[in-house]
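S.K.: Here it is, the structure, as structure tokens.
Number of protein chains: 2
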Amino acid sequence: MAEQPNPRIEIISTGTEILQGLYPDTNAQWLSRQLAALGLTVAGHAAVGDSLEDLARLLDGVSRRCDLVIISGGLGPTVDDVNRYAIARTYGCELVEDDAAVQQIRDRFARRGLPFVESNRVQALVPRGARVLYNEWGTAPGFILEDCEGRATLIALPGPPRELQPMFDRWVRPWLLERYKPDTQLATLTLHTMDLPESQINAAIADLFHADPDVYVGLLAAGGKVDIRLTARGRDGMTIERKLGDFRRRIETRIGAESIYGCDDATLESVVADLLRTHNLHIAVAESCTGGMIASRLTNVAGASSFLLEGFVTYSNESKTARLGVDPDLIAQHGAVSRPVARAMAEGVLRVSGADLGLAVTGIAGPTGGTPEKPVGLVFVGLAWGNDSTVIERRFLGNRNENRAYSTNVALDLVRRYLLHRGGKSQDCQSG
Amino acid sequence: MAEQPNPRIEIISTGTEILQGLYPDTNAQWLSRQLAALGLTVAGHAAVGDSLEDLARLLDGVSRRCDLVIISGGLGPTVDDVNRYAIARTYGCELVEDDAAVQQIRDRFARRGLPFVESNRVQALVPRGARVLYNEWGTAPGFILEDCEGRATLIALPGPPRELQPMFDRWVRPWLLERYKPDTQLATLTLHTMDLPESQINAAIADLFHADPDVYVGLLAAGGKVDIRLTARGRDGMTIERKLGDFRRRIETRIGAESIYGCDDATLESVVADLLRTHNLHIAVAESCTGGMIASRLTNVAGASSFLLEGFVTYSNESKTARLGVDPDLIAQHGAVSRPVARAMAEGVLRVSGADLGLAVTGIAGPTGGTPEKPVGLVFVGLAWGNDSTVIERRFLGNRNENRAYSTNVALDLVRRYLLHRGGKSQDCQSG
Chain A
0 MAEQPNPRIE IISTGTEILQ GLYPDTNAQW LSRQLAALGL TVAGHAAVGD
50 SLEDLARLLD GVSRRCDLVI ISGGLGPTVD DVNRYAIART YGCELVEDDA
100 AVQQIRDRFA RRGLPFVESN RVQALVPRGA RVLYNEWGTA PGFILEDCEG
150 RATLIALPGP PRELQPMFDR WVRPWLLERY KPDTQLATLT LHTMDLPESQ
200 INAAIADLFH ADPDVYVGLL AAGGKVDIRL TARGRDGMTI ERKLGDFRRR
250 IETRIGAESI YGCDDATLES VVADLLRTHN LHIAVAESCT GGMIASRLTN
300 VAGASSFLLE GFVTYSNESK TARLGVDPDL IAQHGAVSRP VARAMAEGVL
350 RVSGADLGLA VTGIAGPTGG TPEKPVGLVF VGLAWGNDST VIERRFLGNR
400 NENRAYSTNV ALDLVRRYLL HRGGKSQDCQ SG
Chain B
0 MAEQPNPRIE IISTGTEILQ GLYPDTNAQW LSRQLAALGL TVAGHAAVGD
50 SLEDLARLLD GVSRRCDLVI ISGGLGPTVD DVNRYAIART YGCELVEDDA
100 AVQQIRDRFA RRGLPFVESN RVQALVPRGA RVLYNEWGTA PGFILEDCEG
150 RATLIALPGP PRELQPMFDR WVRPWLLERY KPDTQLATLT LHTMDLPESQ
200 INAAIADLFH ADPDVYVGLL AAGGKVDIRL TARGRDGMTI ERKLGDFRRR
250 IETRIGAESI YGCDDATLES VVADLLRTHN LHIAVAESCT GGMIASRLTN
300 VAGASSFLLE GFVTYSNESK TARLGVDPDL IAQHGAVSRP VARAMAEGVL
350 RVSGADLGLA VTGIAGPTGG TPEKPVGLVF VGLAWGNDST VIERRFLGNR
400 NENRAYSTNV ALDLVRRYLL HRGGKSQDCQ SG
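Going down the list, the protein sequences come from chains A and B.
Mapped onto numbering that gives the first Met the number 0, the consecutive letters of the first sequence carry residue numbers 0 to 431.
Mapped onto numbering that gives the first Met the number 0, the consecutive letters of the second sequence carry residue numbers 0 to 431.
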């Protein structure tokens, strides 16, 4: 029996440990991702403790306003496993023992060489008329309860992810496909941007948020980077890809293609690595406040030896002079955190290493070391090549580690923009 | 105004990306943990998308049945930030611009040298009569809305954890303590261990899991480290601290105090930094497969210049020779990933830098580069001091970045154990 194609779906997780904050609610996340992949939209999550009253009350509201509710947890044999009772009360149905489920539980105990404890029989109790979802990965079966007047269809699954996930794959996904025959597909495209404030991106693309009811546009800011997330819905893959490509081009026009450093799984370091390899160039790095973070990010990329020559963590002034040949007088005159020293570090690491590009960072990460003229968060990034060099200045407002991470992102992005102008072009995404 | 000591509290998170399963709801988890630590019980979690209608409907139900509701997210400047409007509609109150908040937003833009975009003013809109929670860590203020007839007290906080968490610490926790004066207290103590398998720890302390109904014991494994998490409940702080101290001593006896590298907020790098400073010793680092990660971890610690002289990322063989004086014949004979080369790198960085300790890592992080004799995950860590040195060998089974992180942890732990035996002693925790 196929139903309306856009059912209202909510997910309920049960377990006092979730409400105590001992674990994040990973079942709700996992189920949501599976449903999204099927083109089904989740309208809400909820979590309650192991309380019959709380669950029954929650379920009463949810089951009246939804088409489908998926509940995880609370099907075990202990006194805090209340889900089957709360469901029976809310749906006004009787619980009956499922013979096959009892046998499966007995067999499971036998296989493990354990005596069957009678209290385990309660796990075979299911609402009369429900379809039983047998559990090969644990003890308690789940069930699907349909055709209750005025109530949502209900799917109950056990809580442990190692049972819930294979049971979803085995029983629930096929049922959902049969029931709702989702005639729409979903695809996402994430555009990663650097160096543009979220508010500026928002202003530039404000009209796109509601330009197409089938394309959802979201922004997510973290670490000085902003992700623009596009989710498109449509009848077939080609239509969706075309829409995503169209939105992408409109966004590029508004904020500049160069501000988008990559798509989906691309990282700043993977994009820089690709550009360096394309140009057959080698880089060397000299780091003060970032203290190895830039080199570490570049060596995240497998095969980093093909583009990274070496790195220096020159945290002290002595080290800047001994390793990079920075003139001590320059440091005395301008301070270690200054435009001239950033340039001298970049030129120094270029000369010492024999690389094609020398990248250097010096800054005040904090929490101490700031002055009115040179506050915490002040950072200079230098890049040297051939007989030329450039230095950019930034002022960050984060804590120590955020400032270091931001500095690393800005440094990698400087290399990316330099390489783009040297003759490369913006990274292409599959969906572009 | 103190109220009933056991208020009914629910937490609402907003963001379509949560319902799409892109992220777990970590704000609900974090807030729940903070409330539990205050002895306050959370009755439910809920998450909705960035939809004014959905949030208003959810909030209508929740605010009628609760004493307190905490909502995170949706306070930014973009069109999908709907929380202030949904709250105003549900609570029937007007939104007004808070002058101090506008000024704070303007100042923030000015400090970063960015032009103020007028669309940011909406972030200073708060319900009339609400107490404004100023945000020093981001742009949008939060607020507390009280005394609405028939509605729960409502606390609205911004969604980014780096804003939500300090704002909770600064504004919400003191307010909760004043308002509800909880009569049981909760305290936690987390013991961080290195180099012991979770199963071995579990077997050694199995009886402690149920030794005291007021002490919850949990294990959490990540990155080659296992955390033992103790949560104790009681009427007064002294009883709780005594219980935690007692459990800690029993665990130390079972697994060895040296396996516990620190407690609570201590990190391997902070413990190593403290030991180096206590002994007034300086370290220098030479990294191959970790590629800057060790230096970066050490410079996570503020004031790292007092114990870290410098670092070398010697990814190539040439760099190992040029920077550290490693004999090319040694590399040719044993390979770059070998016990003799790890030792030569450690001795080399000690000599070149003039530090008291030289730490070096060479290994095969993967995914490529492995051979039957030297598989992916093989790592050698060398430590040199005075005229002596040691090398340890490990074989990890993770992916590239896991292997690099494990190697970094093992390297830092080697320094820690060396410094303990040199005359220091195990780190003390406040609760110990």
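Each residue gets a CB set at the ideal place from its N, CA and C atoms; glycine is no exception.
Computed from a predicted model, the values in this text were never measured in an experiment.
Do three or more CB pairs link the region 279-296 of chain B to the region 252-261 of chain A at distances below 8 Å?
M.R.: no
S.K.: Give the interface partners of residue 60 of chain A over in chain B, defined as CB-CB distance under 7 Å, in chain order.
M.R.: Numbered from 1 along the first sequence, position 61 holds the residue referred to as residue 60 of chain A. The answer, in chain order, is 60.
S.K.: Apart from the five residues on each side of it in sequence, which residues of its chain come closer than 6 Å, Cβ to Cβ, to residue 186 of chain B?
M.R.: Your numbering for residue 186 of chain B matches position 187 in the second sequence. Closer than 6 Å at the Cβ level, and outside the excluded window around residue 186 of chain B, lie 231 and 239.
S.K.: Starting from the beta carbon of residue 46 of chain B, find every residue of chain A whose beta carbon is closer than 7 Å, and list them in chain order.
M.R.: Reading the second sequence from its first residue, position 47 is the one you call residue 46 of chain B. Chain A residues near residue 46 of chain B: 43 and 44.
S.K.: With 8 Å set as the bound, which would you pick, yes or no: does the beta-carbon of residue 217 of chain A sit closer than that to a beta-carbon of chain B?
M.R.: As a working note, residue 217 of chain A is residue 218 in the first sequence. Yes, contact with chain B.
S.K.: Under 8 Å, Cβ to Cβ, is there at least one residue of chain A near residue 109 of chain B?
M.R.: Looking up residue 109 of chain B in the second sequence gives position 110. By this cut-off, residue 109 of chain B is not an interface position.
S.K.: I'd like to know whether the C-beta atoms of residue 20 of chain A and residue 29 of chain B end up nearer to each other than 8 Å.
M.R.: On the first sequence, residue 20 of chain A is found 21 positions in, with the first residue counted as 1. On the second sequence, residue 29 of chain B is found 30 positions in, with the first residue counted as 1. Closer than 8 Å, so yes.
S.K.: Let me see if you follow: with CB-CB separation under 8 Å, is residue 5 of chain A close to chain B or not?
M.R.: Indexing the first sequence from 1 puts residue 5 of chain A at position 6. Chain B, which has no Cβ nearer than 8 Å to the Cβ of residue 5 of chain A, makes this no.
S.K.: Quick one: residues in its chain with C-beta nearer than 6 Å to the C-beta of residue 215 of chain A, no 5 flanking neighbours on either side, listed in chain order?
M.R.: By 1-based counting over the first sequence, the position of residue 215 of chain A is 216. The residues are 230.
S.K.: Can you name, in chain order, every residue of its own chain whose Cβ lies under 6 Å from the Cβ of residue 59 of chain B, other than the five neighbours on each side?
M.R.: Working through the second sequence from its first residue, we reach residue 59 of chain B at position 60. Only 89 meet the Cβ criterion.
S.K.: Counting Cβ pairs closer than 8 Å, one from the region 39-47 of chain B and one from the region 112-129 of chain B, do we hit at least three?
M.R.: Taking a cut-off of 8 Å for Cβ pairs, the region 39-47 of chain B and the region 112-129 of chain B do not touch, as fewer than three such pairs fall below it.
S.K.: Can you name the residues that DSSP bridges to residue 96 of chain A?
M.R.: Here residue 96 of chain A refers to the residue found at position 97 when the first sequence is read from its first residue. Residue 96 of chain A pairs with A:124.
S.K.: Considering only C-alpha positions, which residue in the set A:328, A:154 and A:227 is nearest to residue 73 of chain A?
M.R.: Indexing the first sequence from 1 puts residue 73 of chain A at position 74. Per the Cα distances, A:154.
S.K.: Distance cutoff 8 Å, beta carbons only. Does residue 411 of chain A sit that close to anything in chain B?
M.R.: Residue mapping note: residue 411 of chain A aligns to position 412 of the first sequence, counting from 1. Judged by the 8 Å Cβ criterion, residue 411 of chain A is not in contact with chain B.
S.K.: Shortest alpha-carbon distance to residue 107 of chain B belongs to which of A:415, A:421, A:418 and A:394?
M.R.: Locating residue 107 of chain B in the second sequence gives position 108, counting from the first residue. Considering only alpha carbons, the answer is A:394.
S.K.: Please state if the CB of residue 249 of chain A and the CB of residue 207 of chain A are separated by a distance shorter than 8 Å.
M.R.: Working through the first sequence from its first residue, we reach residue 207 of chain A at position 208. Working through the first sequence from its first residue, we reach residue 249 of chain A at position 250. Yes, they are a contact pair.
S.K.: Give a yes or no on whether the C-beta atoms belonging to residue 113 of chain B and residue 85 of chain B are separated by under 8 Å.
M.R.: Sequence index remark: in the second sequence, residue 113 of chain B carries index 114 (1-based). Sequence index remark: in the second sequence, residue 85 of chain B carries index 86 (1-based). Contact flag unset, no.
S.K.: For chain B, find out if any of its Cβ atoms is closer than 8 Å to the Cβ of residue 246 of chain A; answer yes or no.
M.R.: Working through the first sequence from its first residue, we reach residue 246 of chain A at position 247. Not one chain B Cβ lies under 8 Å of residue 246 of chain A.
S.K.: Where does residue 289 of chain B sit, in a helix, a strand or coil, going by DSSP?
M.R.: The residue you call residue 289 of chain B lines up with position 290 of the second sequence. Residue 289 of chain B: coil per DSSP, three-state reduction.
S.K.: In chain order, what residues of the same chain lie with their CB nearer than 8 Å to the CB of residue 159 of chain A, ignoring the 5 residues before and after it?
M.R.: In the first sequence, the residue the question calls residue 159 of chain A occupies position 160. The answer, listed in chain order, is 137.
S.K.: Check each residue of the region 299-316 of chain A: if its Cβ is closer than 8 Å to any Cβ of chain B, include it; give the result in chain order.
M.R.: 299, 301, 302, 303, 304, 307, 308, 309, 310, 311, 312, 313, 314 and 315
S.K.: For residue 104 of chain A, which of A:235, A:335 and A:123 has the nearest alpha-carbon?
M.R.: By 1-based counting over the first sequence, the position of residue 104 of chain A is 105. That would be A:123, whose Cα lies nearest to the Cα of residue 104 of chain A.
S.K.: Got a sec, what are the start and stop residues for the alpha helix (DSSP H) residue 29 of chain B sits in?
M.R.: Numbered from its first residue, the second sequence carries residue 29 of chain B at position 30. Membership of residue 29 of chain B in the alpha helix (DSSP H) is indicated by the continuous run 25-36.
S.K.: Report yes if the C-beta distance between residue 121 of chain B and residue 181 of chain B is below 8 Å; otherwise report no.
M.R.: Stepping through the second sequence from its first residue, residue 121 of chain B is reached at position 122. Stepping through the second sequence from its first residue, residue 181 of chain B is reached at position 182. Cβ atoms of residue 121 of chain B and residue 181 of chain B: not closer than 8 Å.
S.K.: Just how far apart, CA to CA, sit residue 416 of chain A and residue 12 of chain A?
M.R.: Here residue 416 of chain A refers to the residue found at position 417 when the first sequence is read from its first residue. Here residue 12 of chain A refers to the residue found at position 13 when the first sequence is read from its first residue. Going from the Cα of residue 416 of chain A to the Cα of residue 12 of chain A covers about 46 Å.
S.K.: May I have a chain-ordered list of the beta strand (DSSP E) segments no shorter than 3 residues that lie completely inside the region 333-373 of chain A?
M.R.: 356-362
S.K.: Under 8 Å: do the region 266-275 of chain B and the region 308-317 of chain B share three or more Cβ pairs, one atom per stretch?
M.R.: no
S.K.: Would you tell me roughly how many angstroms separate the C-alpha atoms of residue 295 of chain A and residue 405 of chain B, rounded to the nearest one?
M.R.: Position 296 of the first sequence holds residue 295 of chain A. Position 406 of the second sequence holds residue 405 of chain B. Those two C-alpha atoms are separated by around 14 Å.
S.K.: Candidates B:334, B:79, B:69 and B:418: which alpha carbon is nearest residue 270 of chain B's?
M.R.: Position 271 of the second sequence holds residue 270 of chain B. Checked all of B:334, B:79, B:69 and B:418; the closest Cα to residue 270 of chain B is B:418.
S.K.: May I have the straight-line CA-CA distance separating residue 110 of chain B from residue 194 of chain A, to the nearest angstrom?
M.R.: Counted from its first residue, the second sequence places residue 110 of chain B at position 111. Counted from its first residue, the first sequence places residue 194 of chain A at position 195. Rounded to whole angstroms, the gap between the alpha carbons of residue 110 of chain B and residue 194 of chain A is 16 Å.
S.K.: Over the uninterrupted alpha helix (DSSP H) stretch that includes residue 411 of chain A, give me the two end residues.
M.R.: Within the first sequence, the letter at position 412 stands for residue 411 of chain A. 399-420 is the extent of the alpha helix (DSSP H) around residue 411 of chain A.
S.K.: Hey, how far is the Cα of residue 119 of chain A from the Cα of residue 78 of chain A?
M.R.: Here the question's residue 119 of chain A lines up with position 120 in the first sequence. Here the question's residue 78 of chain A lines up with position 79 in the first sequence. Roughly 11 Å between the two C-alpha positions.
S.K.: What's the C-alpha gap between residue 386 of chain B and residue 338 of chain B?
M.R.: Walking along the second sequence from the start, residue 386 of chain B turns up at place 387. Walking along the second sequence from the start, residue 338 of chain B turns up at place 339. Using only the alpha carbons, I get a separation of about 17 Å.
S.K.: Please identify, using Cβ separations under 7 Å, the residues of the region 350-379 of chain A that lie next to chain B, in order along the chain.
M.R.: Cβ contacts with chain B come from 366 and 367.
S.K.: Look at the alpha carbon of residue 400 of chain B and the alpha carbon of residue 69 of chain B, and state the distance between them as a whole number of angstroms.
M.R.: The residue labelled residue 400 of chain B in the question sits at position 401 within the second sequence. The residue labelled residue 69 of chain B in the question sits at position 70 within the second sequence. When rounded, the distance between both Cα atoms is 37 Å.
S.K.: Can you name the residues that DSSP bridges to residue 193 of chain B?
M.R.: Here residue 193 of chain B is taken as the residue at index 194 of the second sequence, counted from 1. Partner(s): B:224.
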